[in-house]
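Asks: When you line the sequence shown up against my numbering, it's residues 1 to 375, in that order. Even for Gly, the Cβ is constructed at its ideal location relative to N, Cα and C. For clarity, every value in this text was computed on a predicted model and none was experimentally measured.
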Amino acid sequence: MAMAKRVPSGVSRKPASDRKARALLAWYDANRRELPWRAGPGVRPDPYRVWLSEIMLQQTTAAAVGSYYTVFLKRWPTVKALAAASQDEVLGAWAGLGYYSRARNLHRTARIVAGGPGGHFPDTADGLRKLPGVGAYTAGAVAAIAFGERAVAMDANAERAIARLFAVEEPLPKAKKRLAALAGPLVPATRPGDFAQAMMDLGALVCTPKRPLCVRCPWMRDCEGRKREIAESLPRKGAKKPRPVRRGAAFVALDRKGFVYLERRPENGLLGAMLQPPLGPWREEFPAPADAAQQAPFKSAWKKRPGVVRHGFTHFVLEMEIYVALFKSRPKADGSWFAPDDLSGAALPTAMRKMLAHAADAPGPPRAHTKVRRC
Ligand code: SF4
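(1) Looking only at its chain, what residues have a beta carbon closer than 6 Å to the beta carbon of residue 123, apart from the 5 residues adjacent to it on each side?
(2) Counting along the chain, where does the beta strand (DSSP E) carrying residue 253 start and finish?
(3) Tell me which same chain residues have a C-beta within less than 8 Å of the C-beta of residue 234, skipping the five on either side of it?
(4) On the CB-based measure, 16 or more other CB atoms within 10 Å of its CB, does residue 43 come out buried or exposed?
(5) Comparing alpha-carbon positions, which option in 144, 80 and 335 lies nearest residue 117?
(6) Quick check on the DSSP output: the alpha helix (DSSP H) that includes residue 160 runs from which residue to which?
(7) Ignoring anything shorter than 4 residues or poking outside the region 266-323, list the alpha helix (DSSP H) runs there in chain order.
(8) Have a look at 149, 219 and 154 and flag the residue whose alpha-carbon is nearest the alpha-carbon of residue 193.
(9) In terms of residue numbering, what span does the beta strand (DSSP E) encompassing residue 262 cover?
(10) Report the start-end ranges of each alpha helix (DSSP H) in the region 65-125 that is 4 residues or longer and not cut off at the edges.
(11) Should residue 206 be counted as a contact of the ligand SF4 given a C-beta to heavy atom distance under 7 Å?
(12) For residue 211, is the beta carbon positioned less than 7 Å from some heavy atom of the ligand SF4?
(13) Residue 180: which of 199, 191, 297 and 189 sits nearest, CA to CA?
(14) With DSSP collapsed to three states, give me the class of residue 329.
(15) Hey, residue 254 and residue 260: beta-carbon distance below 8 Å or not?
(16) Comparing alpha-carbon positions, which option in 346, 325 and 136 lies nearest residue 177?
(17) Could you pull the start and end residues of the beta strand (DSSP E) that residue 233 belongs to?
(18) Does DSSP classify residue 10 as helix, strand or coil?
(19) Could you spell out the range, first to last residue, of the beta strand (DSSP E) harbouring residue 337?
(20) Let me check one thing: in DSSP terms, what residues is residue 172 bridge-paired to?
(21) What's the C-alpha gap between residue 296 and residue 211?
(22) Residue 219: beta carbon under 7 Å from a heavy atom of the ligand SF4?
(23) By DSSP, does residue 182 sit in helix, in strand, or in coil?
(24) When burial is assigned at 16 or more other CB atoms within 10 Å of the CB, is residue 346 buried or exposed?
(25) Start and end of the alpha helix (DSSP H) containing residue 197?
(26) The ligand SF4 and residue 129: does any heavy atom of the ligand fall closer than 7 Å to the residue's C-beta?
(27) Beta-carbon within less than 6 Å of residue 267's beta-carbon, same chain only, minus the 5 sequence neighbours each way: which residues are those?
(28) What number of angstroms, rounded off, separates the C-alpha of residue 262 from the C-alpha of residue 286?
(29) Alpha carbon to alpha carbon, what distance is there between residue 94 and residue 75?
(30) Let's test the definition: count the other Cβ atoms within 10 Å of the Cβ of residue 229 and tell me whether it reaches 16, buried, or not, exposed.
(31) To which residues of the same chain is residue 64 closer than 8 Å at the C-beta, ignoring the five residues directly before and after it?
(32) Please list, in chain order, all residues of the same chain as residue 57 whose beta carbon is under 6 Å from its beta carbon, the five residues on each side excluded.
(33) By alpha-carbon positions, which one of 126, 221, 72 and 189 ends up nearest to residue 107?
(34) Could you tell me the alpha carbon to alpha carbon distance between residue 275 and residue 264, rounded to whole angstroms?
(35) Just verifying my parser: in three-state terms, what is the DSSP assignment at residue 229?
(36) Within 10 angstroms of the Cβ of residue 53, are there 16 or more other Cβ atoms? Answer buried if so, exposed if not.
Set out below in structure tokens:
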């Protein structure tokens, strides 16, 4: 987990820290990345944009975030506009970006901020941390970038560069506190926001996970990891446990026009409030077809598609067998029937989209679209 640590006022910094900060900022001025959410040099950053981008960037790459950020900003250019949207609209626009609790928290935070004093974001890391979905790293990053607070934001890029600069061999995640403590004194009193972004860029462009480009690094002279020739092996990481595999059945019900039946997941928990085809329980083994028929939401001649849909979540891997049935008349149920054209904007997470795609594409029993053309 990323961490942010406020640097107490009055901290005395050694000249070496000043030199490292100056070197990094000079490198940043010459090499900074152009990113859609980044204000140009000398332009005051908009806290809404900074916050929106930092929430999107949690556990997600800048490349993956780019188009989502652009769409969100166009659709909801202010925190007030985002607060006025429905949760379902926000979830629909977020679909595919993963970690959907972020989207729900984004929407909750927008409503809190828009309804609060002046409709402004809190301007300190401590204040920002009280908002839903804002952890230590995000609070530090937004406070530094949008409000110029001298806070350090330790994302994976910053942790890697600091671990190498100081040759920290203690493995992550145990080393997080130590890395934040080592980075704190480096943060300059002026331009702390640029310093935070410079750390991100250094990690992304130069101090890369494999083959760091030390000859282009502003910290090359000081870097203990490089001197000891262990830089590329840092930061060390604790052994990863293999992810368990859970298996189950998904039921894709189609009507004569190709409309698909979807349910909404419970508000809290994994993929909360997102849409899905009805699913059976997730266990170690797939259900036998007779058992799957018992789990199906409606009685029908459910046909199992060949193959399996596989999707990795953070703590487990999900494998689903897909059962499809066509209905001449729609059975009564609490969910809704969605037209094929409406699915692209629906609040469907990637795992569920894979299941629907498999139902439509795998060779085997007839497809709804084939049926439609026959009618
Ligand atoms: Fe990373 Fe190399 Fe710079 Fe050290 S010198 S911080 S290893 S890029």
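Replies: Reading from the atomic positions:
(1) 147
(2) 245-255
(3) 160, 163, 164, 167, 168, 169 and 225
(4) exposed
(5) 80
(6) 156-165
(7) 289-295
(8) 149
(9) 260-264
(10) 79-84, 87-94 and 101-115
(11) yes
(12) no
(13) 199
(14) coil
(15) yes
(16) 136
(17) First-last for residue 233: undefined, no H or E at that position.
(18) Residue placement at residue 10 cannot be trusted, given a pLDDT of 38 that sits under 50; what the coordinates show is reported in the next sentence. If DSSP states are grouped into helix, strand and coil, residue 10 belongs with coil.
(19) 336-338
(20) 237
(21) 51 Å
(22) yes
(23) helix
(24) buried
(25) 192-205
(26) no
(27) 273
(28) 21 Å
(29) 12 Å
(30) exposed
(31) 97
(32) 65
(33) 72
(34) 4 Å
(35) coil
(36) buried
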